[in-house]
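Student:
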Amino acid sequence: MSDTVKIFERLCKGFPGPTPSFTSIQLLEVFLYIGKYAPVGRKKLSKTLEIGEGVIRNILNRLEKARLIKIEDQGCILTDRGLKILKELENSFLEIGSLNIELPWSYKHNYTVVVRGKAHMVKKGLEQRDAAIRGGAEGAMILTYVDGRVEMPGVCVISEEAPDFASKIIEIIKPQDKDVVIIAGADDLKKAKYGALAALQTLF
Numbered sequence: 255m256s257d258t259v260k261i262f263e264r265l266c267k268g269f270p271g272p273t274p275s276f277t278s279i280q281l282l283e284v285f286l287y288i289g290k291y292a293p294v295g296r297k298k299l300s301k302t303l304e305i306g307e308g309v310i311r312n313i314l315n316r317l318e319k320a321r322l323i324k325i326e327d328q329g330c331i332l333t334d335r336g337l338k339i340l341k342e343l344e345n346s347f348l349e350i351g352s353l354n355i356e357l358p359w360s361y362k363h364n365y366t367v368v369v370r371g372k373a374h375m376v377k378k379g380l381e382q383r384d385a386a387i388r389g390g391a392e393g394a395m396i397l398t399y400v401d402g403r404v405e406m407p408g409v410c411v412i413s414e415e416a417p418d419f420a421s422k423i424i425e426i427i428k429p430q431d432k433d434v435v436i437i438a439g440a441d442d443l444k445k446a447k448y449g450a451l452a453a454l455q456t457l458f
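In the numbering used here, each number is its position in the sequence shown, counted from 1, plus 254.
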């Protein structure tokens, strides 16, 4: 387990006091949003991320106590420590968002993340799929990219079974060798996103 993951786990359950009203997925989402759009205020976070202001307040308090953010008059910004962790995260995974390609399911929305260099950690993708469903997704596809081939570990080599689909994945996502591609699906975009973020946490 990486130090970054340990920090986020501790933020969710390691401080004295009442049980937090937020999940590790929401915590990660807020942290990444601040890193991208700082300075940003509590109301903006609540409206954009569709998380209640009370929950946002609790998350910001935790991030501030951990010295990952500073809360200033113009909004929240990352501290030097927060920026260091953000860089580690950005080197570890990439949020692609919604893919505009035909997928083997009827869910209205999908959300995709790429996890760098973790293909060796995916056995059959069951752990990642189950995590995605617990996170809110209704289904998930776990792919790896190794030696120029898109694979569904333990199931098939997508580059051989569905070469057109594999080519689109490579063209749009541009994965690097040994990357993991997580595509979560749901009828609600937010649930698909939370599912993808939950699945990627199993790879750290």
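Every residue gets a Cβ at the ideal spot worked out from N, C-alpha and C, and that includes glycine. Predicted model only: the values in this text are computed from it and were never measured.
(1) Taking 7 Å as the cut-off, decide whether the C-beta atoms of I279 and L451 are in contact.
(2) Report the three-state DSSP secondary structure of E283 (helix, strand or coil).
(3) Mapping the DSSP letters down to three states, classify D418 as helix, strand or coil.
(4) Assuming V369 and L457 are in contact, meaning their beta carbons sit under 8 Å apart, how far apart are those beta carbons, in whole angstroms?
(5) Between which two residues does the beta strand (DSSP E) holding R324 run?
(6) Alpha carbon to alpha carbon, what distance is there between I313 and K297?
(7) In angstroms, rounded to a whole number, what distance separates the CA positions of S352 and A394?
(8) Less than 7 Å between the C-beta atoms of V367 and I436, yes or no?
(9) Which class does R403 belong to by DSSP, given the choice of helix, strand or coil?
(10) Could you give the distance in angstroms between the alpha-carbon of E392 and the alpha-carbon of A440?
(11) Less than 7 Å separating the beta-carbons of R311 and L322?
(12) Rounded to whole angstroms, how far is the Cβ of K432 from the Cβ of G371, which I believe are closer than 8 Å?
(13) Please state whether DSSP places L353 in a helix, a strand or coil.
(14) Report the rounded CA-to-CA distance for R388 versus G402, giving the unit in angstroms.
Tutor: Reading off the structure:
(1) yes
(2) helix
(3) DSSP, reduced to helix, strand and coil, places D418 within a helical segment of the structure shown.
(4) 5 Å
(5) Residue 324 is actually Lys in this sequence, not Arg. 323-326 is the span of the beta strand (DSSP E), which, as asked, contains K324.
(6) Here the alpha carbons of I313 and K297 stand approximately 13 Å from one another.
(7) 13 Å
(8) yes
(9) In the three-state reduction of the DSSP assignment, R403 falls in the strand class, which pools E and B.
(10) Those two C-alpha atoms are separated by around 5 Å.
(11) no
(12) 5 Å
(13) Secondary structure at L353: coil, using DSSP grouped into helix, strand and coil.
(14) 31 Å
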